[in-house]
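Here the structure comes first, spelled out in structure tokens, and everything after it is commentary.
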Amino acid sequence: MIDAMANGMAQKLGYIVSAEDKVEIYAYAFKLVIMLLLNLAIVIMAAYLLGIVPTVLAFMTVFFPFRAFGGGVHLSALPRCIIVGSLIILGSGYFAAQTDISQMAVIILFLFTFLIICLGIVKWAPAGTKTNPITDSQIIRMQKRNLLFAAIIWTCIVPALIQGLHLSLALAMVTGAMAAVLLMSPGGFLLMEKVDGFFTILRKGGPGL
496 MIDAMANGMA QKLGYIVSAE DKVEIYAYAF KLVIMLLLNL AIVIMAAYLL GIVPTVLAFM
556 TVFFPFRAFG GGVHLSALPR CIIVGSLIIL GSGYFAAQTD ISQMAVIILF LFTFLIICLG
616 IVKWAPAGTK TNPITDSQII RMQKRNLLFA AIIWTCIVPA LIQGLHLSLA LAMVTGAMAA
676 VLLMSPGGFL LMEKVDGFFT ILRKGGPGL
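Residue 496 is where the sequence shown starts when you use this note's numbering, and the numbers rise one by one after that.
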């Protein structure tokens with residue numbers, strides 16, 4: 496459904512601006528925006544109820560741009576994406592808010608995640624799916640460049656938070672980057688394939704999942 500909606504919007508935009516040759520780029524962007532807005536509404540409400548809004552927002556400020564620019568795996572149905580995406584965000588935000596972690600431990604996690612990000616930019620980004628592979632060289636270059644820019648901003652903000660001893664926020668931003676990059680990796684695709692299979696088994700008892 497999201498693909499059809501995004502493609503329809505992209506075709507209309509391409510017609511309006513007389514850029515039919517860029518419909519694929521528009522569709523890719525529209526799809527990501529729709530997914531982000533749906534997840535955002537659900538997650539913010541749940542974070543407020545759990546009292547973890549600051550760490551959830553810190554996580555999302557990294558996770559969403561990295562996902563948008565780096566691509567990655569999506570589950571086969573919208574409800575599955577919303578459920579799993581929300582659990583990842585809320586679980587990570589709760590973990591960052593509740594974990595008593597030292598400054599040195601956050602620094603180590605930051606450096607390790609930095610290396611993972613570099614690997615992701617070089618090898619995996621932008622990661623397409625079987626149903627929506629990314630083959631356009633223009634899109635690939637643009638998304639790699641955008642992800643690199645987001646990573647540079649991330650490497651400036653996180654050390655500042657660590658220096659200021661805002662460790663829960665720093666940890667949330669580290670886990671946000673790590674989660675996004677892992678979801679564009681082969682391991683992330685394999686894991687989500689297993690999750691998709693689990694939902695398929697549950698589908699008999701929950702139509703639409």
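Glycine is no exception: its CB is placed at the ideal position from the N, C-alpha and C atoms.
Just so we're clear, the structure is a prediction, and the values are computed from it rather than from any experiment.
{"Asked": "Where the alpha helix (DSSP H) through D691 begins and ends", "Found": "P681 to L697"}
{"Asked": "Exposure label - Q638; buried when at least 16 CB within 10 Å", "Found": "buried"}
{"Asked": "Own chain, CB closer than 6 Å to L614, minus 5 neighbours either side, in chain order", "Found": "none"}
{"Asked": "Backbone secondary structure at G671 - three-state DSSP", "Found": "helix"}
{"Asked": "Complete alpha helix (DSSP H) runs within the region 543-580 (minimum length 4 residues, chain order)", "Found": "548-565"}
{"Asked": "Separation of Q633 from R640, as counted between CA atoms", "Found": "11 Å"}
{"Asked": "Proximity of V551 and G588 at Cβ, strictly below 8 Å", "Found": "yes"}
{"Asked": "Local Cβ density within 10 Å of K618, reported as buried at 16 or more and exposed below that", "Found": "exposed"}
{"Asked": "Cβ contact check for the region 653-665 and the region 582-600: 3 or more pairs under 8 Å", "Found": "yes"}
{"Asked": "Residue from L527, A536 and R575 whose Cα sits closest to the Cα of F564", "Found": "L527"}
{"Asked": "Same chain, Cβ closer than 7 Å to H569, neighbours up to 5 away in sequence not counted", "Found": "C576 and T624"}
{"Asked": "For A622: DSSP bridge partner residues", "Found": "G566"}
{"Asked": "Beta-carbon proximity check, F554 vs T670, cutoff 8 Å", "Found": "yes"}
{"Asked": "Classification of I648 by the beta-carbon crowding that lies within 10 angstroms, buried from 16 upward", "Found": "exposed"}
{"Asked": "Backbone secondary structure at L677 - three-state DSSP", "Found": "helix"}
{"Asked": "Pair within 8 Å by beta-carbon distance, A672 and I612", "Found": "yes"}
{"Asked": "Distance, S571 Cα to L717 Cα", "Found": "Past the boundaries of the shown model lies residue 717; the chain is included only from 496 to 704, so the question cannot be answered."}
{"Asked": "Reduced DSSP secondary structure (H/G/I, E/B, other) of G659", "Found": "coil"}
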